[in-house]
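**Q**
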Amino acid sequence: MGGLLIARKAADEAEILTFCVAPACRNAGLGRALLEKAVTELRAAGAKRLFLEVEEDNEPALTLYRSLGAVPVGRREHYYEHGADAAIFSLALSDSPSDDEQIAEESHEDQR
C-alpha cells in the first residue's frame, strides 16, 4: 500500500481522521492525489468545510495543505502521544473561501 486517507462527514463538515503516505512513495504526488480525491468526494457529498490536524513541524504536510488553500485555524497542545502540538487547518469546500479567513481570524482572537 502506498498511502491511506480516511475522512468522515457529519452534516456539512468533514474531517480527515488518518492520512499517511509510505516513505518509499513520498514526493511522487500520491499524497496530493489522495487529498484531492477526498476533497472531490466530500464536496460531492455536500461537505462545505474540511478540518484536519497536522503535527506542527511536518513541513511536507503543511506545504501540501496550504497549496490546496487550507488555512490554520487553531492548535491543540500535546495532541500527539509523544507530546507534539497539532496545528488545526480548515479548507473551504464551498464557493465561499472567505469563510476560512473568518474562522482563522476568530481563532486568532481566541488565542489572545
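Residue 79 in full-length UniProt numbering sits at position 79 of the sequence shown, with consecutive numbering throughout.
Ideal Cβ placement from N, Cα and C applies to all residues, glycine included.
#1: From what residue to what residue does the alpha helix (DSSP H) around G31 run?
#2: Tell me, please, which residues DSSP counts as bridged to S94.
#3: Buried or exposed for I6, going by 16 or more other Cβ atoms inside 10 Å?
#4: To the nearest angstrom, how far is the alpha carbon of N58 from that of L30?
#5: Thinking C-alpha only, which one of E36, G74, I16, P23 is nearest E56?
**A** Answer, in terms of the structure:
#1: Numbered from 1 along the sequence shown, position 31 holds the residue referred to as residue 31. Annotation for G31: the continuous alpha helix (DSSP H) segment containing it runs 30-44.
#2: The sequence position of residue 94 within the sequence shown is 94, counting from 1. The partner list for S94 (beta bridge, DSSP) is empty, contrary to what the question assumes.
#3: Here the question's residue 6 lines up with position 6 in the sequence shown. The residue in question, I6, is exposed, as its Cβ has fewer than 16 Cβ neighbours within 10 Å.
#4: For the purposes of this step, residue 58 is taken as the residue at position 58 of the sequence shown. For the purposes of this step, residue 30 is taken as the residue at position 30 of the sequence shown. Their Cα atoms are separated by approximately 17 Å.
#5: For the purposes of this step, residue 56 is identified with residue 56 of the sequence shown, where counting begins at 1. Closest by C-alpha distance to E56, out of E36, G74, I16, P23, is G74.
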